[in-house]
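Participant: There's a structure below that I have some questions on.
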Amino acid sequence: MKNLNILISGAGIAGPALAHWLIRYGCAVTVVEKAPAPRPGGQAVDFKGETHRTVLSRMGILDDVRALQTGGSDQHLIDAEGRTLAVMPGEFTGGELEIKRGDLARLLHDRTASACEYVFGDSITSLTETPDGVHVTFERAAPRTFDLVVGADGIHSNVRRLAFGPESGCVRFLGHYYALADLDQDFGPVGRMYNEPGRMAAVGGPKAPAFFVFASEPLDYDRYDAEQQKDILARAYAGMGWRVPEVLAAVRRAPGVYLDSISQVRVDRYSRGRVVLLGDAAYGNTLGGFGTGLAVVGAYVLAGELAAAGGDHRAAFDAYERVFRPYAKISENGNAGPFLAPGSPSRIRMRNWMFKYRFLLAWMMKMTDKFATDIELKTY
């Protein structure tokens, strides 16, 4: 593996996690990121069960994650008068270890920054595979050639578009959008979630100060235009009860908002030649609470298989596919949209009932643990 020169696109979670392992195995690693710096804040993410815990331990960051964990919090499911109908417990929403996405990204960046090259404020413009590597051009930097290129750049992956084809052929929209925003207004000491058919608004909960999920037809908007996204939220939540008009007014004052689709990525293979996908770029963004775990475990497996194959990318990518795709099936079959924003009053009541009865909650927790641990981790 020594002297293998690898480019990773994306400095969120998956990219720096992979960089951690590749550095340990002796690779020269460059990480390119469109944002001007590591992104702070964002929603809370979580880890579940022995598999996630084992990978964090092998990375040497388990204690750091524990030190930064939020502790999780309960979410009160309420009616239009603000009365509690049921409680979604913190252990369901926050897993075993919950941490703010920005804190985890900063931790991974800080652990790898001294041993690899980070290039912020730039993006890949072309990938041309040659017999000896991949010739890469950038928006700002001079062209370079790498042995391998990894797309760890999210559901709207630039690397996947360049190497696999248009997003429309790889990403399946699941009929819902979600949004996150920081607020300058306190809506109470406990997290509260209010539903009307096809719409959910939550404040003070475990994921973000304001969290929205709503059913919709596909939307055409600029993902970098916060005001346009605020307009979309205002239209989607017009006429909604409880204190939602107040929440929307606070969102208007927020410095930014993040709006995206709940979607699945469908690719026949995670790799094309010397290019391979990792994290949401490969497994999708179904908002089911598994994305961060898939990214970190996927990074462990991909780097480990490269090491086991002595840097032979063909053998390593085949093994990564064989070992990891069955584990990632939860992202191919899941969709949190109908659960968080049920489409009818009866479905809202049924969802709430699940949190009133201990045996139903215990069953859900058992299934969550099963999905999170459904892989036999090798010791590479």
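This note's numbering puts the first residue of the sequence shown at 448, with every later residue one more than the last. Backbone N, C-alpha and C define an ideal beta-carbon position, used for all residues, glycine too. As the structure is a computational prediction, the values presented were derived from the model and not from experiment.
1. Between I602 and D727, how many whole angstroms is the CB-CB distance? I'm expecting something under 8 Å.
2. Under a three-way DSSP split, which group does G519 fall into?
3. Do V583 and R591 have their beta-carbon atoms positioned less than 8 Å apart in this structure?
4. CA-CA distance, H523 and V694?
5. Between the Cα of I679 and those of G686, Y668 and G688, spot the shortest distance and give me the residue it belongs to.
6. Hey, is the segment 599-615 in contact with the segment 710-727, meaning 3+ C-beta pairs nearer than 8 Å?
7. My parser needs the beta strand (DSSP E) runs of 3 or more residues fully inside the segment 627-690; what are they?
8. For L515 versus L554, is the C-beta distance shorter than 8 Å?
9. Going along the chain, which residues of its own chain have a beta-carbon closer than 7 Å to the beta-carbon of F771, five neighbours each way excluded?
10. For the segment 634-643 against the segment 699-707, do three or more pairs of beta-carbon atoms, one drawn from each stretch, fall closer than 8 Å, so that the two count as touching?
11. Across which residues does DSSP place K449 in a beta bridge pair?
12. Am I right that T498 and L824 are in contact with their C-beta atoms under 8 Å? What's the rounded C-beta distance?
13. Closer than 7 Å by C-beta to L469: which residues in its own chain qualify, once you throw out the five before and the five after it? Chain order, please.
14. Compute the distance between the beta-carbons of D569 and A588, then report whether it is under 8 Å.
15. Given a cut-off of 8 Å on the beta-carbon distance, is the pair G645 and F661 in contact?
16. Applying the criterion that 16 or more other CB atoms from any shown protein chain within 10 Å of the CB defines a buried residue, is N782 buried or exposed?
17. DSSP has G721 in a bridge; who is on the other side?
18. Relative to the ligand PLP, is the shortest distance from any of its heavy atoms to the C-beta of V637 smaller than 7 Å?
19. Using a threshold of 8 Å, state whether the C-beta atoms of V492 and I546 are closer than that.
20. Determine the burial state of N732: buried for a count of at least 16 other Cβ atoms within 10 Å of its Cβ, exposed for fewer.
21. Could you pull the DSSP bridge partners for F593 from this structure?
22. Start and end of the beta strand (DSSP E) containing V479?
23. Which residues does DSSP list as the beta-bridge partners of K813?
24. With three or more beta-carbon pairs closer than 8 Å as the criterion, would you say the segment 795-803 touches the segment 753-764?
25. Do you know whose CA, among K449, K481 and N450, lies nearest G462's CA?
26. Is N782 helix, strand or coil by DSSP?
27. Which word fits M535, buried or exposed, when buried means at least 16 other C-beta atoms lie within 10 angstroms of its C-beta?
28. Given this structure, state the Cα-to-Cα distance separating R719 from Y641, to the nearest angstrom.
29. So, under 8 Å CB-CB, A533 and P485 are touching, yes? Tell me the CB distance rounded to an integer number of Å.
30. Would Q490 pass as a contact of L630 if the rule is Cβ separation under 8 Å?
Facilitator: If we stick to the structure as given:
1. What you label residue 602 is simply residue 155 of the sequence shown in a count that begins at 1. What you label residue 727 is simply residue 280 of the sequence shown in a count that begins at 1. Correct: roughly 5 Å between the Cβ atoms.
2. The count along the sequence shown starts at 1 and reaches residue 519 at position 72. G519 falls in the coil class under three-state DSSP.
3. Working through the sequence shown from its first residue, we reach residue 591 at position 144. Working through the sequence shown from its first residue, we reach residue 583 at position 136. Closer than 8 Å, so yes.
4. Within the sequence shown, numbered from 1, the residue matching residue 523 stands at position 76. Within the sequence shown, numbered from 1, the residue matching residue 694 stands at position 247. One Cα belongs to H523, the other to V694, and the distance between them is close to 16 Å.
5. Indexing the sequence shown from 1 puts residue 679 at position 232. For the residues G686, Y668 and G688, the minimum Cα distance to I679 belongs to Y668.
6. yes
7. Runs found: 638-643, 646-650 and 657-662.
8. In the sequence shown, counting from the first residue as 1, residue 515 sits at position 68. In the sequence shown, counting from the first residue as 1, residue 554 sits at position 107. Yes, these two residues count as a Cβ contact at 8 Å.
9. The residue given as residue 771 occupies position 324 in the sequence shown. Within the same chain, F771 has close Cβ partners G745 and V748.
10. no
11. As a first step, residue 449 must be located in the sequence shown, where it is residue number 2. DSSP output for K449 lists no bridge partner at all.
12. Translated into the one-based positions of the sequence shown, residue 498 becomes position 51. Translated into the one-based positions of the sequence shown, residue 824 becomes position 377. Yes, T498 and L824 are in contact; Cβ-Cβ is about 6 Å, under 8 Å.
13. Here residue 469 is taken as the residue at index 22 of the sequence shown, counted from 1. Cβ contact annotation for L469 (same chain, cutoff 7 Å, sequence separation greater than five): I453, V476 and A750, in chain order.
14. In the sequence shown, residue 569 corresponds to position 122, counting from 1. In the sequence shown, residue 588 corresponds to position 141, counting from 1. For D569 and A588, yes; Cβs fall inside 8 Å.
15. Within the sequence shown, numbered from 1, the residue matching residue 645 stands at position 198. Within the sequence shown, numbered from 1, the residue matching residue 661 stands at position 214. Their beta carbons are under 8 Å apart, which means G645 touches F661 by this criterion.
16. In the sequence shown, the residue the question calls residue 782 occupies position 335. N782 comes out buried.
17. As a working mapping, residue 721 is identified with position 274 in the sequence shown. Just to set this straight, residue 721 is Arg in the shown sequence, not Gly. DSSP, once it has assigned bridges, lists no residue as partnering R721.
18. Ligands displayed in this structure: none; no statement on the ligand PLP is therefore possible.
19. Residue numbering aside, residue 492 sits at position 45 when the sequence shown is read from its first letter. Residue numbering aside, residue 546 sits at position 99 when the sequence shown is read from its first letter. A contact, by the Cβ cut-off of 8 Å.
20. Looking up residue 732 in the sequence shown gives position 285. Note on N732: 16 or more other CB atoms within 10 angstroms of its CB, so buried under the neighbour-count rule.
21. As a position in the sequence shown, residue 593 is number 146, starting the count at 1. In the DSSP output, where bridge partners are listed per residue, F593 has V581.
22. As a position in the sequence shown, residue 479 is number 32, starting the count at 1. Its beta strand (DSSP E) spans residues A475 to E480.
23. Along the sequence shown, read from residue 1 onward, the residue named residue 813 stands at position 366. Note: K813 sits in no beta bridge, so no partner.
24. Result no; under three Cβ-Cβ pairs closer than 8 Å.
25. In the sequence shown, counting from the first residue as 1, residue 462 sits at position 15. Nearest of K449, K481 and N450 to G462, Cα basis: K481.
26. Locating residue 782 in the sequence shown gives position 335, counting from the first residue. Note: N782 maps to coil in three-state DSSP.
27. Residue numbering aside, residue 535 sits at position 88 when the sequence shown is read from its first letter. With 16 or more Cβ atoms within 10 Å of its Cβ, M535 is classed as buried.
28. Locating residue 719 in the sequence shown gives position 272, where the first residue counts as 1. Locating residue 641 in the sequence shown gives position 194, where the first residue counts as 1. So the two alpha carbons sit approximately 44 Å from each other.
29. By one-based count along the sequence shown, residue 533 stands at place 86. By one-based count along the sequence shown, residue 485 stands at place 38. That belief does not hold up - the Cβ atoms of A533 and P485 are roughly 37 Å apart, past 8 Å.
30. The residue given as residue 490 occupies position 43 in the sequence shown. The residue given as residue 630 occupies position 183 in the sequence shown. No. Outside cutoff.
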